[in-house]
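These notes are about the structure you will find just below.
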Amino acid sequence: MKKKFIALMLAMVSFSLIACSNSNTKETAAVEEKEPEKIVYYTPLTHEERDEDQSKEKIFAVMLDNHDDARPQAAINQADIIYEYRVEGEFTRYMALFQSHLPENVGPVRSARPYFVQTAKEYDAIYTHWGGSEAGLSEVRSRNVVDLDGIALEGIVFHRNKDVGKRAPHNGYVSLPELKNYLVEKNVDVNNNAASLNFYEESENLQGEDVKEITLKFNDRYKTNFIYDEATEKYKYIRQGEPVIDENTKEEFTAKNLVVLFQKGVVAGPKGTLKIANIGAGDGLLLQNGKLIPITWEKENEDAMTIFKDAEGNLIKFHPGNTFISVVDDKNSAVYETLNEENTQITGETSNSSNQK
345 MKKKFIALML AMVSFSLIAC SNSNTKETAA VEEKEPEKIV YYTPLTHEER
395 DEDQSKEKIF AVMLDNHDDA RPQAAINQAD IIYEYRVEGE FTRYMALFQS
445 HLPENVGPVR SARPYFVQTA KEYDAIYTHW GGSEAGLSEV RSRNVVDLDG
495 IALEGIVFHR NKDVGKRAPH NGYVSLPELK NYLVEKNVDV NNNAASLNFY
545 EESENLQGED VKEITLKFND RYKTNFIYDE ATEKYKYIRQ GEPVIDENTK
595 EEFTAKNLVV LFQKGVVAGP KGTLKIANIG AGDGLLLQNG KLIPITWEKE
645 NEDAMTIFKD AEGNLIKFHP GNTFISVVDD KNSAVYETLN EENTQITGET
695 SNSSNQK
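Residue numbers (the numbering used here): 345 to 701.
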């Protein structure tokens, strides 16, 4: 009887051990089957999520024509940052920075100017242009900028686009993947980017005056408007009274962040070419989510990064998304309206009655 009892107890213990072993095996299997935590990367100039790290990929700074005969521009909706400066005559020109996207069809590509070269140098970008003024090409050499010139590379990576109905010099286009491959073949390092912007955390609240629209007057003939759209939380870009459209997508261009810099331009070269007062320090405006704050800018020398600060001297932050930077002469070139505490409209400090629309 005693032997039978001992045998029964051993059987029960053995069963218990087997059950525990099976349970541990199932728990171990459950742990092993759990998916690894996803790593999220962010693009340096727009702070958008990516599955792969793009932070070291080189930035391409592409000069874009803004002559009446050159519009619309292709791939502007895929640019991370766009600068708009005055050039000679009554025209402006864009420089679009591409990193998070490298579009196949970008243009029309146009010629270099010195202050664009200096801005490209801030991002250590590959400067992409089609010719240039004497001062612009000299600045490329002086700043030791890696540049790709359509005059030298037409038919290789630059081409005349015969499908857009534009005439030279307003029909020069380029493929950025082809440009990148060309640089790799020439043993140029395309994975050494160090530039980035400073972005808001989601929990941070934006301060400033309520401003839903601003008009920027570059000269007597040319002005632009940025209108805040609460539905998209972006700014619509109106040029000469017409929405700006991306030639590739046929979609309206919008910007998440708008920076306005006051930098005087004066004629300083042949054919009316300009010198822009972009070295030193000055004032500006930052518009985000329907709010406006005054800012300051500082650029120590031609190679230095332009630093933007708020009224308290803190570095400004950007909301995730693209940024548009407009450079106009002075505060009288910007017109906007704010709302005071009584909810009545008052004129912004940079406008006057003669400039009202």
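The beta carbon of each residue, even a glycine, is placed where N, CA and C say it ideally should be.
- Per DSSP, Thr463 is one residue of the alpha helix (DSSP H) stretching across 458 to 466.
- Contact between the stretch 582 to 593 and the stretch 394 to 404 is absent: fewer than 3 CB-CB pairs across the two stretches fall below 8 Å.
- Just so you know, the alpha carbons of Gln551 and Asp573 end up roughly 18 Å apart.
- When beta bridges are read from the DSSP output, Gln632 appears opposite Asn601, Lys635.
- Pairing Leu492 with Thr472 gives a Cβ-Cβ distance under 7 Å.
- By the C-beta density criterion, Gln584 is exposed, having fewer than 16 other C-beta atoms within 10 angstroms.
- Here Asp397 carries a coil assignment [DSSP, helix/strand/coil].
- For Gly476, the secondary structure class from DSSP, reduced to helix, strand or coil, is strand.
- Annotated as distal: Asn515 and Glu434, with beta-carbon spacing of 7 Å or more.
- Restricting attention to Ser677, Ala440, Pro521, Ser486, the CA atom closest to the CA of Leu560 is found in Ser677.
- The Cβ-Cβ distance between Asp647 and Lys465 falls below 7 Å.
- With 16 or more other Cβ atoms inside 10 Å of its own Cβ, Pro388 counts as buried.
- Beta-bridge annotation (DSSP): Lys619 is paired with Val610.
- With respect to the 7 Å criterion, Ser455 and Gly476 are classified as neighbours on the basis of their beta carbons.
- Between Asn421 and Tyr438, the C-beta gap is not smaller than 7 Å, which leaves the two residues out of contact.
- Between Asn601 and Thr682, the CB-CB gap reaches or exceeds 7 Å.
- Apart from sequence neighbours up to five positions away, the residues of its chain that approach His503 with a beta-carbon distance below 8 Å are Gly516, Tyr517, Val518, ordered along the chain.
- A check of alpha carbon separations from Lys556 across Ala575, Arg457, Ile623 identifies Ala575 as the nearest.
- Annotation for Arg565: Glu434 place their beta carbon closer than 6 Å to its own, counting only its chain and skipping 5 residues before and after.
- When beta bridges are read from the DSSP output, Thr559 appears opposite Asn569, Val679.
- Of Val490, Asn645, Asn542, the smallest CA-CA separation from Lys661 is found for Asn542.
- A distance below 6 Å between beta-carbons, with the five flanking residues on each side excluded, links Val588 to the following residues of its chain, in chain order: Tyr581, Phe597.
- Judged by DSSP secondary structure, Lys524 falls outside any beta strand (DSSP E) and instead within the alpha helix (DSSP H) spanning 520 to 529.
- For the pair Ile639 and Gly626, the CB atoms are not nearer than the 7 Å cut-off.
- Sequence-distant partners of His391 (beyond 5 residues in either direction) whose C-beta falls short of 7 Å from its own C-beta, in its chain, are Phe543, Pro664.
- In the DSSP secondary-structure assignment, Ile582 is bridged to Asn569, Pro587.
- The DSSP-derived three-state label of Leu550 is coil.
- Of the candidates Glu553, Ala423, Ala655, Asp397, the residue whose Cα lies closest to the Cα of Gln632 is Glu553.
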